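Worksheet: the structure to be examined is printed underneath.
Residue numbers (UniProt numbering): 1 to 116.
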């Protein structure tokens, strides 16, 4: 029987965590919506206008998914007319440094790619 090293086990565990992370954040719109919310866009139409090319139908679907994953919260107020506000959760705020690093990496990659 082949013995599995501790390093191989650690890698397998880490890859599972990476897979879980990518499952939650890898959608085309997920990080864009979180970024838009972190910039202060709280109403449905504000979020939609902040993200080029997203349809309101897709935005609605994505917001439901983000809420199910506890990355955003939805608040309904009925003072006069019904208003719905979305906010990123404290849990989702832990993604902000990740998003910032991804933006930086993308910027550097674009520069490197153009120079080739």
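Note that beta-carbon positions come from the ideal geometry of N, C-alpha and C, so glycine has one too. Computed from a prediction, not measured in an experiment: that's the story for all the values here.
Query, Result
"Backbone CA spacing between residue 88 and residue 113 [nearest angstrom]", "33 angstroms"
"Residue range of the unbroken beta strand (DSSP E) whose run includes residue 96", "Where residue 96 is concerned, there is no enclosing beta strand (DSSP E), although the alpha helix (DSSP H) it sits in stretches over 96-114."
"Proximity to residue 29 [Cα-Cα], best of 48, 115 and 17", "48"
"Paired residues, beta bridge with residue 87 - DSSP", "73"
"Span of the alpha helix (DSSP H) around residue 48", "44-50"
"N-terminal and C-terminal residue of the alpha helix (DSSP H) that residue 16 is part of", "6-25"
"Residue burial classification, residue 62 (beta-carbon count within 10 angstroms, cutoff 16)", "buried"
"Three-state secondary structure assigned by DSSP to residue 57", "helix"
"CB contact flag (residue 127, residue 35, <8 angstroms)", "Outside the displayed span of the chain (1 to 116) sits residue 127, for which this structure offers no information."
"Straight-line gap, residue 81 to residue 13 (C-alpha atoms, nearest Å)", "49 angstroms"
"Residue nearest to residue 73 in terms of C-alpha spacing, selected from 50, 38 and 7", "38"
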